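Step one of this worksheet: look at the structure below.
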Amino acid sequence: MEQTLKKYFGYDSFRPQQKEIILNVLNKKDALVLMPTGGGKSICYQIPALVSEGTAIVVSPLISLMKDQVEALRANGVATAALNSNNDETENMEIKRACINGKLKLLYISPERLLMEMDYLLRDMQISLFAIDEAHCISQWGHDFRPEYTKMGILHERFPNTPIIALTATADKITRQDIIRQLHLKEPRLFISSFDRPNLSLDVKRGYQQREKHKELIHFINQHADESGIIYCMSRSKTESVAQMLQKQGIRSAVYHAGMSPQQRDKAQEDFINDRVQVVCATIAFGMGINKSNVRWVVHYNLPKSIESFYQEIGRAGRDGVAADTLLFYSLGDLILLTKFATESSQQSVNQEKLQRIQQYAEADICRRRILLNYFGEQSENDCGNCDVCRNPPERFDGTVIVQKALSAIVRTNQSIASNMLIDILRGSFSADLIDKGYDKLKTFGAGRDIPGRDWQDYVLQMLQLGYIEIAYNENNHLKVTESGSHILFGKKTAELVTIKRTELPPKEKGRKKKQVQPKPLFTGANANEDMDLFEELRALRLRLASHEAIPPYIVFSDKVLHLLAAIQPTTIEAFGEINGVGEIKKNKYGKDFIEVIKRHQP
Ligand code: ADP
Ligand code: ZN
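In this text, residue positions in the sequence shown follow numbering that gives the first Met the number 0: the first is 0, and each later residue adds one.
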């Protein structure tokens, strides 16, 4: 097994659980595998497929996923094909013939096609195992429900002796049970990996208004020059306006949302996968088909509606295990809008509860990773050191006067204003609406002029979190003073606020700075002496080789392999082949080119 792993995938050892899962399949037992995105699920059925007689059937819900897997396996010299509606009939005939002749180690197939072929092709070929990828699609409770998945229960009827391995990154209990029940898995072993993704940094920016958000975003992307990233936005129009804003800054960006034609969406996705655009501004419609391993960052321009969606979306970064950054913008406006959606939805209480949990995450002043892991039922003992709270523990100060000013303004308007009006009153801004209502005559008008509006946004969020105010969602989002708020207002208690720290951005960043990639901490143990210039040259070579073969660059080699090459700098084919992630085929195919660049670079 280890030899097969090295030969085809170039890896030196299995990750925790992979080997047990593989042995379980080889013993012809069923299994349900829960691993986070990037955890290494594919190896769990690909190695058994390689070492067994016959062909493994892999059910996959999306053509783009099949394409990605087939490309990756072929690049490693594994005989693989996909049977789906994208192929023409001659192609499909050839694939079927190859199956019957036992020429393929793996066959990827859509659930519809699988059902069609149940009594034909499947009977005529030798099947080593069934792998059901993205198995959560079987559950109505999940977010990617696919009706065809529910009919796969007959697999075990027709093929009682062939093991089934179901794999997913969606962990909740209902989905788990649904998968086992509907697939009729026989005494399945459950393999649950840790959902921790230590290589993803976590960062939340609170209370930013649009202009500031854009400034921060551009700064963030400039720090990730030429590195692929995804920006998730709440609405279609937002994806478009953010992409336009970035384009103006010279950042190659595409848009992806469900309102576009399938052709437009495919193009955006292809451009992203092949590194032709750096950024995709997308709604939640974007993602399941993306196996791209070198996504280096994910930004949430708006608050997501649950921790599940948030975690799945940030999970698309750093699949290769190399450090990747995530950033969430949290604003009161988003919270109000999402609360409205949740309240109007059919599953009101569930959705409100989910929203509250992501809100807690965004407002947290304890290690954010602990909150995430805790949500998925994993208790962690230690702070992570890779989130903004750990890096910059919050400092508090006596904010009683600030809170009193705000509460007093709310009370003096008879609690009939929303947060923006509150801030206008405190700042002493003359808006037409404000003058209309006579709020410029209030005693608190202008009482908070010394504090910038953006900081007031943050303080209002803190007051909400501390329970001093509530938002009356059914009353135009007016702010109401709570009982504990009135204790502060009347001086019976003091209020502690968190000091606002903002990374001061350089006054004007014109365009983007080229090639400013910062060395990143790596989890390979070999990066200490990594040469970043060499890394850039290797990356350029990878892009050339990939374009030449018309495959995505990350299929040639992952970022992790490039980092290892830049650190270890092998100069012989043998040494090149020793690198973790270089298999036999790639050693022989690419070794010469990479070594040449490395040698040229050396003094
Ligand atoms: P998942 O399907 O769980 O999201 P993948 O199967 O795509 O994850 O694996 C994620 C990444 O980890 C891939 O780049 C894969 O090649 C790599 N990987 C998997 N197993 C190992 C291993 N044993 N050693 C090193 N890298 C691995
Ligand atoms: Zn932390």
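Ideal Cβ placement from N, Cα and C applies to all residues, glycine included. None of the values given here were measured: they were computed from a predicted structure.
In terms of alpha-carbon separation, which member of the options lies closest to residue i?
i, options, result
"residue 154", "129, 406 and 175", "129"
"residue 456", "61, 135 and 206", "206"
"residue 160", "183, 138, 108 and 326", "183"
"residue 368", "200, 404, 601 and 27", "200"
"residue 317", "291, 434, 488 and 532", "291"
"residue 478", "469, 484, 441 and 394", "469"
"residue 569", "480, 433, 84 and 598", "598"
"residue 302", "322, 249, 266 and 359", "359"
"residue 27", "51, 35, 172 and 34", "51"
"residue 96", "84, 121 and 18", "121"
"residue 19", "2, 35, 11 and 42", "42"
"residue 264", "280, 249 and 250", "280"
"residue 451", "482, 401, 490 and 465", "401"
"residue 64", "194, 289 and 85", "289"
"residue 460", "308, 421 and 530", "421"
"residue 59", "158, 415, 110 and 464", "110"
"residue 410", "482, 218 and 314", "482"
"residue 175", "246, 30 and 244", "30"
"residue 247", "214, 260 and 223", "214"
"residue 480", "448, 416, 535 and 435", "416"
"residue 2", "40, 39 and 49", "49"
"residue 383", "334, 374, 373 and 366", "366"
"residue 392", "245, 0, 500 and 40", "500"
"residue 620", "363, 364, 475 and 396", "Given a span of 0 to 602 for the chain in the structure shown, any question on residue 620 remains unanswerable."
Tell me whether the beta-carbon of residue i lies closer than 8 Å to the beta-carbon of residue j.
i, j, result
"residue 24", "residue 162", "yes"
"residue 4", "residue 13", "yes"
"residue 355", "residue 192", "no"
"residue 425", "residue 412", "no"
"residue 181", "residue 105", "no"
"residue 103", "residue 80", "yes"
"residue 550", "residue 564", "no"
"residue 596", "residue 540", "yes"
"residue 230", "residue 32", "no"
"residue 427", "residue 398", "no"
"residue 361", "residue 326", "no"
"residue 371", "residue 283", "no"
"residue 135", "residue 89", "no"
"residue 390", "residue 208", "no"
"residue 458", "residue 487", "no"
"residue 47", "residue 127", "yes"
"residue 9", "residue 585", "yes"
"residue 123", "residue 542", "no"
"residue 196", "residue 35", "yes"
"residue 394", "residue 493", "no"
"residue 114", "residue 150", "yes"
"residue 637", "residue 600", "With the chain covering 0 to 602 only, the question about residue 637 has no answer from this structure."
"residue 75", "residue 582", "yes"
"residue 304", "residue 331", "no"
"residue 138", "residue 94", "no"
"residue 323", "residue 198", "yes"
If residue i sits next to residue j, beta carbons under 8 Å apart, how far is it from one beta carbon to the other, in whole angstroms?
i, j, result
"residue 77", "residue 7", "6 Å"
"residue 287", "residue 143", "6 Å"
"residue 108", "residue 82", "5 Å"
"residue 236", "residue 277", "Going by Cβ atoms, the distance from residue 236 to residue 277 rounds to 22 Å, so no, they are not a contact pair."
"residue 319", "residue 66", "Not confirmed; about 19 Å, so no contact."
"residue 537", "residue 593", "7 Å"
"residue 285", "residue 310", "With a Cβ gap of about 16 Å, residue 285 and residue 310 do not count as contacting."
"residue 607", "residue 405", "A question about residue 607 goes unanswered here, because the residues of the chain that appear run from 0 up to 602."
"residue 339", "residue 472", "6 Å"
"residue 228", "residue 294", "6 Å"
"residue 387", "residue 202", "5 Å"
"residue 125", "residue 101", "6 Å"
What residues match up with residue i in a beta bridge as DSSP calls it?
i, result
"residue 227", "294"
"residue 205", "329"
"residue 324", "200 and 296"
"residue 168", "Answer is none; residue 168 lacks a bridge partner."
"residue 33", "167 and 191"
"residue 252", "278"
"residue 77", "Paired residues: none, contrary to the question."
"residue 54", "126"
"residue 183", "According to DSSP, which records beta bridges pairwise, residue 183 is partnered with nothing at all."
"residue 478", "470"
"residue 627", "Residue 627 lies beyond the residue range present for the chain, which begins at 0 and ends at 602; the question has no answer from this structure."
"residue 386", "201"
Would you verify that the beta carbon of residue i is, or is not, closer than 8 Å to some beta carbon of chain E?
i, result
"residue 370", "Absent here is chain E; the protein component of the structure consists of one chain."
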